[in-house]
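Here the structure is laid out as structure tokens; the discussion comes afterwards.
Residue numbers (the numbering used here): -16 to 225.
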């Protein structure tokens, strides 16, 4: 990344000047060069992240105002800083891919999700589900394995992994995943309940995770609409007769 390269170059230059031109002891020269590296890296990183935060905040406001296309365009503008800040490219890809995915624009979501930051477990879950729907089960497993390794404390992620394994007919693998998840999150009631259901030969119950579950679009559109109506207070209105 540019901020690292610039900081390293400046530190090396200062070391050379202090050691060979000024004749200072190598320990002092290295110490000063390291101080310069840390200070320059800090201020460059802070400046870049301030610019990125402004873009993120603006995009968030547009999403809240249902101006989705404008929000995506703003997030894409952040790519001009990607070579300056480590992991920024993956974070922007994760955000854009997730927005497209939640809009059910899966074809546009996929290339962004493929390049998503591996610690963004929601984006990684969406990518894994996409692989499953494309019958690329090996890639689905590999993506979930990477995601749970990076985010081991997310019960929905473990449960989503198990659910997808059930969808491809691997109930034994699903139970194994939930057992592994419970070692990372001992006592989680949702995971324990779903493991018991699988052991009884029943389907997992995922709606207990609420909106976080529905964003993966593994339920029918009708089920999602019912959930949204229920969240707004039900589908029926009471009629008052005069």
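For each residue, glycine too, the CB sits at the ideal point set by N, CA and C. Just so you know, these numbers come straight off a predicted model, no measurement behind them.
Whole-number beta carbon distance between residue j and residue i, since they are thought to touch under 8 angstroms
i, j, result
"residue 126", "residue 110", "5 angstroms"
"residue 23", "residue 42", "That pair is no contact at about 29 angstroms."
"residue 18", "residue -14", "That belief does not hold up - the Cβ atoms of residue 18 and residue -14 are roughly 16 angstroms apart, past 8 angstroms."
"residue 167", "residue 180", "Residue 167 to residue 180, Cβ: 20 angstroms. No contact."
"residue 257", "residue 31", "This structure leaves residue 257 out entirely; the chain is present only between -16 and 225."
Closest residue to residue i among the options (Cα-Cα distance)
i, options, result
"residue 118", "61, 48, 151 and 40", "151"
"residue 16", "-10, 169, 115 and -14", "-10"
"residue 161", "193, 65 and 178", "178"
"residue -12", "-1, 2, 185 and 20", "20"
"residue 116", "105, 147 and 96", "147"
"residue 46", "22, 67 and 78", "78"
"residue 138", "12, 112 and 108", "108"
"residue -1", "14, 88 and 96", "14"
"residue 55", "155, 30, 198 and 92", "92"
"residue 121", "52, 75, 153 and 186", "153"
Range covered by the alpha helix (DSSP H) that runs through residue i
i, result
"residue 169", "Run containing residue 169: none; DSSP gives neither H nor E here."
"residue 118", "Neither: residue 118 is in no alpha helix (DSSP H) and is coded neither H nor E."
"residue 29", "9 to 47"
"residue 56", "51 to 60"
"residue 196", "194 to 197"
"residue 80", "71 to 85"
"residue -7", "-15 to -1"
TODO: Specify whether the stretch 29 to 49 and the stretch 67 to 84 touch according to this definition: at least 3 beta carbon pairs, one from each stretch, less than 8 angstroms apart.
DONE: Segments in contact, yes.
Open item on the list: Under 8 angstroms: do the stretch 96 to 105 and the stretch 131 to 145 share three or more Cβ pairs, one atom per stretch?
Closed with: Counting C-beta pairs with one atom in each stretch, the stretch 96 to 105 and the stretch 131 to 145 have three or more that are closer than 8 angstroms, which means they touch.
Open item on the list: If we require 4 or more residues per run, which alpha helix (DSSP H) segments fall completely within the stretch 119 to 163?
Closed with: Complete alpha helix (DSSP H) runs here, min 4: 120 to 133 and 138 to 150.
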